[in-house]
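The structure appears right after this line, and notes come after that.
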Amino acid sequence: MKEVTVEDTSWNESRRETNHSAVTEFIFLGLSNSQELQIFLFGFFFVFYAGIVLGNLLIILAVAVDSHLHSPMYFLLANLSLIDLSLSSVTAPKMITDFFRNCKVISFKGCLAQIFLLHFFGGSEMVILTAMAFDRYVAICKPLRYNTIMCSNVCVGIVAAAWGIGFLHSVSQLAFAVNLPFCGPNEVDSFYCDLPRVVKLACTDTYRLDIMVIANSGVLTVCAFILLLISYTVILTTIQHRPSERSSKALSTLTAHISAVLLFFGPCVFIYAWPFPIKSSDKFLAVFYSVVTPFLNPLIYTLRNKDMKTAMRRLRKWNVDSRVNS
């Protein structure tokens with residue numbers, strides 16, 4: 003039996019270190035190889051991202067300065083807009099600039115940072131959407147106790163819990179990838195780094211890790227989605243049994259909320275909870291929750307909401323008056 007020497011041990015440790023750090027960067031394959039299509043996609047996503055920034059900032063500003071919107075629902079909406087803006091900013095700016103690059107490269111640390119931030123903001127958004135469903139449930143099913151249940155301390159606690167759960171979820175996800183050995187290949191078939199795709203590139207058996215990723219992200223996504231479906235089903239049933247003008251207004255608000263939920267959770271369920279191998283077409287689903295949904299949320303929550311439209315008009319009038327006075 004061969005004796006293991008100190009030199010052998012040192013060499014093995016050095017080899018493991020080399021293997022672990024062999025990949026210092028990842029290359030994105032992007033959405034398309036066609037130069038003409040990439041120019042079109044650049045214009046398309048540039049407009050979308052500009053809309054995301056402008057729309058979500060307007061909602062945050064309107065809720066902050068308009069006293070008519072100082073209510074639990076709009077407080078949660080402002081936080082949703084902040085999360086949407088942050089979530090899209092993790093991937094969209096790099097994706098847009100990468101359309102003009104032949105080699106779409108991201109450093110290993112930059113890749114880990116994307117994974118962390120995506121799951122941080124994504125996990126927080128799931129909690130906020132669930133909280134918004136709870137807010138509507140209390141407003142419609144228990145209107146007399148609404149101010150007591152949804153007091154300012156509860157709202158602040160909900161938002162703090164959302165950011166805290168997002169952070170814990172993100173740290174647990176990053177823990178899966180940070181110590182994985184990567185020795186090549188280093189091509190990610192997407193426009194951003196996400197855990198399921200990066201794990202596939204590790205130089206080790208990732209079957210158990212895949213199961214853990216599904217158990218972590220998938221279970222959180224599916225449980226939140228089921229809870230939301232149950233909440234909105236109860237609310238819609240309550241509205242049907244109490245037909246009134248107020249119920250019609252609540253139904254319009256709920257339609258907006260349900261649309262936002264389906265747009266966000268639909269792609270997430272297929273990407274993180276689907277037990278079958280990842281397909282190259284799945285990266286187009288990722289466009290929905292990272293770019294399309296943050297763009298549509300401001301439209302959904304303003305065009306279908308009279309209070310928000312009125313607040314936007316007041317904000318515009320205030321802006322015009324400020325310019326005239328100056």
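Note that the sequence shown covers residues 3 to 328 in the working numbering.
Yeah, the Cβ is synthetic: ideal placement off N, Cα and C, and Gly gets one too.
Rounded C-alpha distance that separates residue i from residue j
i           : j           : result
residue 22  : residue 110 : Here residue 22 scores only 46 on pLDDT, less than 50, and its place in the model is too uncertain to base an answer on.
residue 311 : residue 120 : 30 Å
residue 190 : residue 115 : 15 Å
residue 309 : residue 75  : 11 Å
residue 224 : residue 272 : 10 Å
residue 194 : residue 118 : 12 Å
residue 307 : residue 29  : 43 Å
residue 169 : residue 99  : 28 Å
residue 101 : residue 113 : 18 Å
residue 8   : residue 211 : In this prediction, residue 8 scores a pLDDT of 43, lower than 50, which makes its location untrustworthy; the coordinate-derived value is nonetheless stated afterwards. Rounded to whole angstroms, residue 8 to residue 211 spans 32 Å at the Cα level.
residue 242 : residue 236 : 10 Å
residue 197 : residue 260 : 27 Å
residue 93  : residue 317 : 30 Å
residue 52  : residue 192 : 22 Å
residue 31  : residue 199 : 12 Å
residue 4   : residue 176 : With a pLDDT of 45 at residue 4, under the threshold of 50, the modelled position of this residue cannot be trusted, and the question is left open.
residue 202 : residue 65  : 43 Å
residue 173 : residue 149 : 35 Å
residue 107 : residue 296 : 25 Å
residue 17  : residue 204 : The predicted position of residue 17 is uncertain, since its pLDDT is 39 and thus under 50; no value can be drawn from it.
residue 166 : residue 126 : 8 Å
residue 139 : residue 154 : 17 Å
residue 60  : residue 39  : 31 Å
residue 81  : residue 55  : 14 Å
residue 158 : residue 72  : 13 Å
residue 270 : residue 33  : 18 Å
residue 48  : residue 290 : 15 Å
residue 216 : residue 46  : 32 Å
residue 285 : residue 67  : 38 Å
residue 70  : residue 91  : 29 Å
Supposed close pair residue i, residue j - CB separation, criterion 8 Å
i           : j           : result
residue 275 : residue 186 : In fact, because the Cβ distance is near 29 Å, the residues do not count as touching under 8 Å.
residue 238 : residue 264 : About 14 Å; that fails the 8 Å criterion.
residue 214 : residue 184 : Actually they do not touch by this definition, with Cβ atoms about 18 Å apart.
residue 128 : residue 288 : Between residue 288 and residue 128 the Cβ distance is about 16 Å, and since that is not below 8 Å, they are no contact.
residue 171 : residue 222 : 6 Å
residue 233 : residue 141 : The Cβ separation is near 12 Å, so there is no contact.
residue 89  : residue 292 : 7 Å
Identified DSSP bridge partners for residue i
i           : result
residue 27  : 109
residue 190 : 30
When the options are compared against residue i, the one with the closest alpha-carbon
i           : options            : result
residue 163 : 133, 181, 141      : 133
residue 41  : 97, 78, 231, 24    : 97
residue 27  : 105, 136, 140, 208 : 105
residue 303 : 69, 70, 83, 56     : 83
residue 267 : 124, 181, 154, 233 : 124
residue 207 : 216, 88, 182, 217  : 182
residue 305 : 284, 291, 258, 38  : 258
residue 57  : 43, 301, 144, 69   : 301
residue 37  : 216, 188, 103, 315 : 103
residue 160 : 91, 130, 35        : 130
residue 24  : 91, 188, 319       : 188
residue 143 : 253, 320, 319, 240 : 240
Sequence-distant residues of the same chain with beta carbon closer than 6 Å to residue i, five excluded per side
i           : result
residue 299 : 86, 262
Cβ-based neighbour list, residue i, same chain, cut-off 8 Å, excluding 5 preceding and 5 following
i           : result
residue 294 : 50, 265
residue 137 : 74, 75, 78, 152
residue 314 : 60, 64, 304
residue 95  : 51
Same chain, Cβ closer than 7 Å to residue i, five either side skipped, listed in chain order
i           : result
residue 122 : 168, 169, 172
residue 62  : 80, 83, 84
residue 146 : none
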